[in-house]
DNA sequence: GGATCCATGTAACGGGTTACATGATTCG
DNA sequence: CGAATCATGTAACCCGTTACATGGATCC
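Protein chains in written order, with our numbering: chain A, 29 to 220; chain X, 29 to 220.
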């Protein structure tokens, strides 16, 4: 047994990559190889989150070691043998627990929420909504802070603060606003 | 001499944090302590980039070791002594070189550009504009990719792809669009 | 005959965070 | 009297990336 299993089967804490990979396994009907998983990532979650190619090969065996996935070797002629991975029940409940747990989301930028949302089909609706609201609120209050900074940044009279501060601040504002708007739209979607 | 000085005074490659700290030093008229620098960060670049508090104390001496900053100790009664740091000419040219160099910006998200722009007063205008354009274009082509993925994501007929993929994709689109719009506005600003 | 696809992994490095440590002074 | 402010640093850890390594089969 490799590290991190606390007691018999208490809560497991995984890295983001581990959760993501596990989440992907959880969404599949049939086992998959590391190689194919990488391709799947590229054509799906890729735009939110993407690990380095070797990371996948490191994480998969680790999941097996923790009893969250199983591995089966498939021999092939004409091409290299491959390892097929499949999620276990314990794996499923680990993903589920992660998806449902509220993140202490002081920093919404890291977009764990987005990753979770991507796996929404495996999650509890209510938990998702709760987290989406937290996400939106975090960005909203950030937005408020940025806006309050604006006059100070534009303050060219004092000579010190310059146009560049204002420029970058505007970016922060634009991003935050986009996030808030999107979150509201998403919440409406989920409500239907 | 600590590592990284290649030859006599060839180009120095620093970490992002090092550049950022150096950039801050470069914008100041008088030397500053690590403690005050942290506070300065909080009330300025903070919204774009923020290192952990201890990181500052690690980086500052390192800069001194590389000859990019100098340190002077100031004794104080009634409160702990402090170290004041000031940028050196070599430090200035290091920041300058960094600011002016084009980033191979496959990943615009890391927002090195934003940090650079924040230090715009110390940079070459043309170089800045060039990089801003690259930034915008990177996001624009990303935006195009996302948009092309949209129908596939919405494809609930096939049963496979679900609403959640579409939802997260929308976020990517919203962000990218915000970035492009902002970049265009910023370019207009810089043109005046 | 050279690039690309399949397929998996190890080792080293790197950048950064968290936790820990210390200690006087001032403010409420 | 306790909390916050000033002020700086070390050590351990963590997650992840880059570079390196291998090798047959197929496509152009």
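The C-beta atom is built at its ideal place from N, Cα and C for all residues, glycine as well.
Since this is a predicted model, take the numbers as computed values, not measurements.
Exercise. Taking Cβ-Cβ distances shorter than 8 angstroms, what residues in chain A pair up with residue 142 (chain X)?
Worked result: Chain-ordered, the chain A residues with CB closer than 8 angstroms to the CB of residue 142 (chain X) read 196, 199.
Problem set entry | Cβ separation of residue 201 (chain X) and residue 175 (chain X), assumed to be a contact under 8 angstroms, to the nearest whole Å | Residue 201 (chain X) to residue 175 (chain X), Cβ: 7 angstroms. Contact.
For this session: Assign residue 66 (chain A) to buried or exposed, taking buried as 16 or more other Cβ atoms, counted over all protein chains shown, within 10 Å of its Cβ.
Result: Result: buried.
Exercise. Which value, in whole angstroms, describes the spacing of the CA atoms of residue 114 (chain A) and residue 84 (chain A)?
Worked result: Cα-Cα distance, rounded: 14 angstroms.
Problem set entry | Closest by C-alpha distance to residue 89 (chain A), when choosing among A:204, A:40, A:112 | Nearest option by C-alpha distance: A:112.
For this session: Have a look at residue 71 (chain X) and residue 64 (chain X) and give me their C-alpha separation to the nearest angstrom.
Result: Inter-residue distance for residue 71 (chain X) and residue 64 (chain X) is about 11 angstroms (C-alpha atoms, whole angstroms).
For this session: Tell me whether residue 40 (chain A) is buried or exposed, calling it buried when 16 or more other Cβ atoms sit within 10 Å of its Cβ.
Result: It is buried - the Cβ of residue 40 (chain A) has at least 16 other Cβ atoms within 10 Å.
Exercise. Can you tell me the Cα-Cα spacing of residue 172 (chain X) and residue 132 (chain X), whole angstroms?
Worked result: In this structure, the straight-line span from the alpha carbon of residue 172 (chain X) to that of residue 132 (chain X) is close to 20 angstroms.
Exercise. Are the beta-carbon atoms of residue 128 (chain X) and residue 151 (chain X) separated by less than 8 angstroms?
Worked result: It is a contact, given that the beta carbons lie within the stated cut-off.
Exercise. Taking DSSP as the reference, what is the three-state secondary structure of residue 96 (chain A)?
Worked result: Annotated three-state conformation of residue 96 (chain A) is coil, per DSSP.
Exercise. Between residue 106 (chain A) and the rest of its own chain, which residues show a CB-CB distance below 8 angstroms, the 5 nearest in sequence each way excluded?
Worked result: Excluding residues within five positions, none has a Cβ falling inside 8 angstroms.
Exercise. For residue 123 (chain X), which of helix, strand or coil comes out of DSSP?
Worked result: Assigned with DSSP and collapsed to three states, residue 123 (chain X) falls in helix.
Exercise. Under 8 angstroms, do residue 146 (chain X) and residue 60 (chain X) count as touching if we go by C-beta distance?
Worked result: Going by C-beta atoms, residue 146 (chain X) is not nearer than 8 angstroms to residue 60 (chain X).
Exercise. What's the gap between the Cα of residue 185 (chain X) and the Cα of residue 193 (chain A)?
Worked result: In this prediction, residue 185 (chain X) has a pLDDT of 45, which is less than 50 and means its spatial position is unreliable; nothing more can be read from the coordinates.
Exercise. Under the rule that 16 or more other beta-carbon atoms within 10 Å means buried, what is residue 17 (chain X), buried or exposed?
Worked result: Since the first residue shown for chain X is 29 and the last is 220, residue 17 (chain X) is missing from the structure and cannot be characterised.
For this session: Quick one: give me the first and last residue of the beta strand (DSSP E) that residue 115 (chain X) is part of.
Result: Segment 110–115, the beta strand (DSSP E) holding residue 115 (chain X).
Problem set entry | Counted within 10 angstroms of its Cβ, other Cβ atoms place residue 46 (chain A) as buried (16 or more) or exposed | By the neighbour-count definition (other C-beta atoms within 10 Å, threshold 16), residue 46 (chain A) is a buried residue.
Problem set entry | Partners in chain X for residue 221 (chain A), counting only beta-carbon separations shorter than 8 angstroms | The structure shown does not extend to residue 221 (chain A), since chain A spans only 29 to 220, so no value can be given for it.
Exercise. For the candidate residues X:212, X:102, X:53, X:49, whose alpha-carbon lies nearest to that of residue 82 (chain X)?
Worked result: Nearest option by C-alpha distance: X:49.
For this session: Tell me whether the beta-carbon of residue 198 (chain X) lies closer than 8 angstroms to the beta-carbon of residue 126 (chain A).
Result: No, the pair does not count as a contact, with Cβ atoms beyond the cut-off.
Exercise. Within 10 angstroms of its Cβ, does residue 44 (chain A) collect 16 or more other Cβ (buried), or is it exposed?
Worked result: Residue 44 (chain A) comes out exposed.
Problem set entry | Residues near residue 158 (chain A) by beta carbon distance below 8 angstroms, same chain, minus five either side | Once the five neighbours on either side are set aside, the close Cβ partners of residue 158 (chain A) are 130.
Exercise. Can you tell me the Cα-Cα spacing of residue 203 (chain X) and residue 206 (chain A), whole angstroms?
Worked result: So the alpha carbons of these two residues sit roughly 6 angstroms apart.
Exercise. What residue range is occupied by the uninterrupted alpha helix (DSSP H) comprising residue 210 (chain A)?
Worked result: Per DSSP, the unbroken alpha helix (DSSP H) holding residue 210 (chain A) starts and ends at 191–219.
For this session: Measure from the alpha carbon of residue 178 (chain X) to the alpha carbon of each residue in X:167, X:169, X:195, then state which is nearest.
Result: Comparing Cα positions, the closest option is X:195.
For this session: Assign residue 153 (chain X) to one of two classes, buried (16 or more other C-beta atoms within 10 Å of its C-beta) or exposed (fewer than that).
Result: The Cβ neighbour count for residue 153 (chain X), taken over all protein chains shown within 10 Å, is under 16; the residue is labelled exposed.
Exercise. Which bits of chain X does residue 210 (chain A) rub up against, with CB to CB less than 7 angstroms?
Worked result: Taking a Cβ-Cβ threshold of 7 angstroms, the residues of chain X close to residue 210 (chain A) are 198, 199, 202, in chain order.
Exercise. Thinking just about the alpha-carbon of each residue, which of X:214, X:120, X:108 is nearest to the one in residue 141 (chain X)?
Worked result: Closest option to residue 141 (chain X), Cα to Cα, is X:214.
Exercise. Are the CB atoms of residue 156 (chain X) and residue 218 (chain X) nearer to each other than 8 angstroms?
Worked result: Closer than 8 angstroms, so yes.
Exercise. Counting contacts by CB-CB distance shorter than 8 angstroms, is residue 69 (chain X) in contact with chain A?
Worked result: Not closer than 8 angstroms to any Cβ of chain A, the Cβ of residue 69 (chain X) fails to qualify, so no.
Problem set entry | Residue closest to residue 166 (chain X), alpha-carbon to alpha-carbon, out of X:104, X:122, X:212, X:124 | Nearest Cα to residue 166 (chain X) within the set X:104, X:122, X:212, X:124: X:212.
Problem set entry | Segment limits, alpha helix (DSSP H) that includes residue 141 (chain X) | Residue 141 (chain X) -> alpha helix (DSSP H) spans 140–146.
Problem set entry | Short-range partners of chain A found in the stretch 148–169 of chain X, where Cβ spacing is below 7 angstroms | So the close ones are 148, 149.
Exercise. Using the C-alpha atoms, what's the distance from residue 119 (chain X) back to residue 188 (chain A)?
Worked result: For residue 188 (chain A), the pLDDT reaches just 46, beneath the cut-off of 50, and the residue's location in the model is therefore unreliable, although a value from the coordinates is still provided. Rounded to whole angstroms, residue 188 (chain A) to residue 119 (chain X) spans 21 angstroms at the Cα level.
Exercise. Helix or strand or just coil, what does DSSP make of residue 76 (chain X)?
Worked result: In the structure shown, residue 76 (chain X) falls within a coil segment according to DSSP collapsed to helix, strand and coil.
Exercise. Under three-state DSSP, which class holds residue 44 (chain A)?
Worked result: DSSP places residue 44 (chain A) in the helix class (H, G or I) of the three-state scheme.
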